[in-house]
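Line by line, the protein sequences are chains W and C. Here the first sequence stands for residues -19 to 269, numbered as in the working numbering. Here the second sequence stands for residues 9 to 296, numbered as in the working numbering. Input: a single structure, listed below in structure tokens.
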Amino acid sequence: MSYHTLQKLLVRLHFDEDFVEAVYSDPARALAGLDLTGAERDQLLNVDRRAWRSDPLRRRRTLRTLVEEYKVSTTIALSETRSLASLERFFSSAFFHAAVQDRGSMGLAFSEFLLDGHRQGAWTAPQLPDVVRLEATIAACRRSLEREGEYRAGELPTTISDRTRVKLAPGYGVASFQANVIETIQRVEQYLFELSLLPAMALCDDAPRLTGLPEVDQQKKVYLLFSPGATGISLTHLDKSTFAILAETKQAVEIRSLLARPGAARDKTQRTQAILSEWLENGALMIVE
Amino acid sequence: MRAFTDRIKRLPRLGVGISGEFNVAAKGIDVGWMKENYSDLVHFYEYGSDLERGLDEGVRRWAAAGLPVTYHFLDINLEERADLDQNWLKRTRSLAHEINAAWLCGDAGRWHFGLRERGHGMLMPPILCRESALETAESIRQIEAETGLACLPENPPAIIYLGDLHILDYFALVAEQADCGLLLDCAHLAIFQQTRELPPLTALDGYPLDRVVEMHVAGGAYAEVDGYRYIEDNHAPEPLAATWEILEYVVPRAPNLKAIVFECELNAPEECLAVFERLNAIFPAEAE
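See the structure below:
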């Protein structure tokens, strides 16, 4: 089945000129560990190197799709680096190559690239990590909805045992962030709206710049529910106790383990039951057979 | 399932058609307008789409008028069995049945890398080897069995083809293993022959012309990157000479040919009329 390996290599070579250089200059090293026959390796190396450059806009087209999902994160990053190349480096990163080679999600790999860039100092805005995590959560919800389809809550069974397993329905997610994450997003969206009035003004020295991002407030947290709606994934605030319960249902879990959470006193148990009923009825949670 | 030789008798002769994708009328030729104004030139509509976009109003109207349609998928990797899931089969079948498609067709190879999700779109040819052809054939068998429709694999365009087979030998093997019909894209074949520095008709002698059910014609242009010359599949109004040469060789030798599509939907209608006229002269809607 090594032709599948060859197909993945083709994708990586089409996107990454650095990888083309590595493969042609030291094939033994660049292709080490890949399941390729000698004949396949020779076919690959017989391709005229210039042919890999026949579509110069490929990276930009794909970057556009990525930026659509990470609009706020990439705006913050670009406002700092002022360099398109800083984002295009994604296609030469281990995150991109692993996503292609392992049949993973490029969109989610891009979030890892952005977070890693922050850890490595490629961009330093303290607002960035939580914004990336928020946009990545939306991206993940969108994918689970596309993959598994919309869940419609039907009539619930008359009795639900504490051994019943529940989990968040496709398209739903929960996560916590630093307190000012929503304000940060709103500030960036306002800036992008301004820019959209006259996109060419980005070329001007006196064009508006992204300034005045709200300070990061790690002392307080905001708890959010991500849910599918008519226009995409929407966000709703949650209280801390509801968040704590729903966060455990990202994976299928037995109700009894939710009821037996540490510190779950009798009144808290009743509250947990009430929360589970409510979210099972509104379709955010589903029973797993 | 019946053999191809039996199944082909039940497929209608569609004549010359036009291609289009989701909301094509907003950026190119409105196929409904084309049919109203040039009904003697355009006899059917090949609608290309994917699960994400589904059907548009144009194709719904066309189908509601009882006009013939074929469904061209843009989102399945025939070469990759893992890609062929029940979700795709069920929903594609539903789309095709909704417009009463005469058959399914589409480029065989890969429409996306990895998972079917945003950003992964990238049309790539199959690796031209025996193992890949067998996997493609298995996918076609399953699609035909589960949708009840013929599935015609098309030779895709590329600048880089890998594998030890000629692309026509690859598709000959696919057709034999799947016992299916074929869609021969003349412009894509011209591109392939150019990448291998072969004359346009090379390897057609070993290709099962009796299995060719549909053909595609489209314009192309020579392009260059750092002195490397290749053909761009740009769907311009005028097909290259090599494309015409392939078409005119194959048509009289393809006894089961039912349809020819001119892929020109992003041009002005007037620029395309001469080619439609020539195609209708070569392949009239009613068999002579």
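Note that CB positions come from ideal geometry on N, CA and C, so glycine has one too. Bear in mind that the values here come from a model prediction, so they are computed numbers and not experimental data.
By the DSSP assignment, the alpha helix (DSSP H) with residue i in it spans what residues?
i, result
"H174 (chain C)", "Here H174 (chain C) belongs to no alpha helix (DSSP H), and DSSP marks it neither H nor E."
"F90 (chain W)", "M86 to Q100"
"A198 (chain C)", "C194 to T203"
"C121 (chain W)", "L108 to E128"
"G122 (chain C)", "From DSSP, G122 (chain C) is part of no alpha helix (DSSP H); its letter is neither H nor E."
"K230 (chain W)", "Segment: none, K230 (chain W) is in no alpha helix (DSSP H) and carries neither H nor E."
"S59 (chain W)", "K51 to T61"
"A229 (chain C)", "Counting along the chain, A229 (chain C) falls outside any alpha helix (DSSP H), though it belongs to the beta strand (DSSP E) covering A229 to V233."
"H77 (chain W)", "A74 to Q81"
Give the range of the beta strand (DSSP E) segment to which residue i is assigned.
i, result
"Q23 (chain W)", "That residue, Q23 (chain W), is in no beta strand (DSSP E); its alpha helix (DSSP H) goes G18 to L25."
"M130 (chain C)", "G129 to M132"
"C184 (chain W)", "Careful: C184 (chain W) lies outside any beta strand (DSSP E) and carries neither H nor E."
"G94 (chain C)", "In the sequence on display, residue 94 (chain C) carries Gln and not Gly. Premise fails: Q94 (chain C) lies in the alpha helix (DSSP H), Q94 to E106, not in any beta strand (DSSP E)."
"C137 (chain C)", "That residue, C137 (chain C), is in no beta strand (DSSP E); it is neither H nor E in DSSP."
"F157 (chain W)", "G153 to Q158"
Should residue i go down as buried or exposed, given a rule of 16 or more other Cβ atoms within 10 Å for buried?
i, result
"F173 (chain W)", "exposed"
"S207 (chain W)", "buried"
"V52 (chain W)", "buried"
"T55 (chain W)", "buried"
"Q250 (chain W)", "exposed"
"G122 (chain C)", "buried"
"A11 (chain C)", "exposed"
"H80 (chain C)", "buried"
"C272 (chain C)", "buried"
"H105 (chain C)", "exposed"
"Y230 (chain C)", "exposed"
"Q170 (chain W)", "exposed"
"E125 (chain C)", "buried"
"C184 (chain W)", "exposed"
"L64 (chain W)", "exposed"
For a contact defined as C-beta to C-beta under 8 Å, what are the partners of residue i on chain W?
i, result
"D234 (chain C)", "R30 and R33"
"Y238 (chain C)", "A31 and S34"
For residue i, which residues in chain C fall below 9 Å Cβ to Cβ?
i, result
"S73 (chain W)", "Residues of chain C passing the Cβ test: none, with the nearest at roughly 15 Å."
"E92 (chain W)", "Per Cβ cutoff of 9 Å: no residues; E92 (chain W) is ~15 Å from chain C at best."
Anything in chain C within Cβ reach of residue i, meaning under 8 Å, just list it in chain order.
i, result
"R40 (chain W)", "Going along chain C, no residue has its Cβ under 8 Å from R40 (chain W), so there is no contact; the nearest lies around 12 Å."
"K(-3) (chain W)", "Residue identity differs from the one stated: residue -3 (chain W) is Glu in this sequence, not Lys. Within 8 Å Cβ-Cβ: nothing; E(-3) (chain W) doesn't reach chain C, min ~12 Å."
"E1 (chain W)", "Under the 8 Å cutoff, chain C gives no residues; its nearest Cβ is about 14 Å from E1 (chain W)."
Cβ closer than 7 Å: which chain B residues qualify as neighbours of residue i?
i, result
"G84 (chain W)", "In the displayed structure, chain B is absent; the protein chains listed are W and C."
Against residue i, what residues of chain C qualify as contacts under a CB-to-CB distance less than 7 Å, listed in chain order?
i, result
"Q(-13) (chain W)", "R118, M132 and I135"
"V80 (chain W)", "F121 and G122"
"V(-9) (chain W)", "F121 and M130"
"Y(-17) (chain W)", "I135, C137, E139 and S140"
"E169 (chain W)", "Near E169 (chain W) there are no residues of chain C at all, since even the closest Cβ is about 20 Å away, more than 7 Å."
Can you give me the Cβ contacts of residue i inside the same chain, cut-off strictly under 7 Å, excluding the 5 residues immediately before and after it?
i, result
"L217 (chain C)", "V258, R261 and A262"
"S85 (chain W)", "A79 and R123"
"E163 (chain W)", "P194"
"Y53 (chain C)", "G25, I26, G28, V39, V67, W70, L75 and V77"
"S(-18) (chain W)", "D15, L16, T17 and E20"
"L157 (chain C)", "A104, A109, W111 and L112"
"R89 (chain C)", "E143, E146 and S147"
"N288 (chain C)", "V24 and L49"
"K(-12) (chain W)", "V80 and Q81"
Closer than 6 Å by C-beta to residue i: which residues in its own chain qualify, once you throw out the five before and the five after it? Chain order, please.
i, result
"L14 (chain W)", "T(-15)"
"Y152 (chain W)", "S207 and A264"
"M181 (chain W)", "A187"
"W32 (chain W)", "L(-7) and V0"
"R62 (chain W)", "none"
"W147 (chain W)", "Rather than Trp, the amino acid found at residue 147 (chain W) in this sequence is Lys. Result list for K147 (chain W): T229, A232 and V268, in chain order."
"T216 (chain W)", "L205"
"S141 (chain W)", "none"
Residues in its own chain within less than 8 Å of residue i by CB, not counting five upstream and five downstream?
i, result
"E87 (chain C)", "A116, G117, R118, P134, I135, S140, E143, T144 and S147"
"V196 (chain W)", "P106, Q107, D110, Q158 and N160"
"V(-9) (chain W)", "V80"
"D172 (chain C)", "L136 and C137"
"A180 (chain C)", "G214, Y215 and P216"
"E152 (chain C)", "M9, A158, C159, A186 and C188"
Under 7 Å between beta-carbons, which chain W residues line up against residue i? List them in chain order, please.
i, result
"G127 (chain C)", "T42, T45, L46, M86 and G87"
Exercise for the section: Using a Cβ-Cβ cut-off of less than 8 Å, give me the residues of the region 13 to 30 of chain W that come near chain C, in sequence order. Expected result: Cβ contacts with chain C: A19, E20, Q23, L24, V27, D28 and R30.
Handout entry: Chain-ordered residues of the region 46 to 74 of chain W with a beta carbon less than 9 Å from chain C
Key = Listed in sequence order: L46, E48 and E49.
Exercise for the section: Name, going along the chain, the residues of the region 168 to 190 of chain C whose beta-carbon falls closer than 8 Å to a beta-carbon of chain W. Expected result: I168, L170, G171 and D172
Practice task
May I ask you to list, following chain order, the residues of the region 97 to 124 of chain W that have a beta carbon less than 7 Å from some beta carbon of chain C?
Solution key: R123
Exercise for the section: Could you please tell me which residues of the region 217 to 247 of chain W, in chain order, have their CB closer than 9 Å to any CB of chain C? Expected result: none
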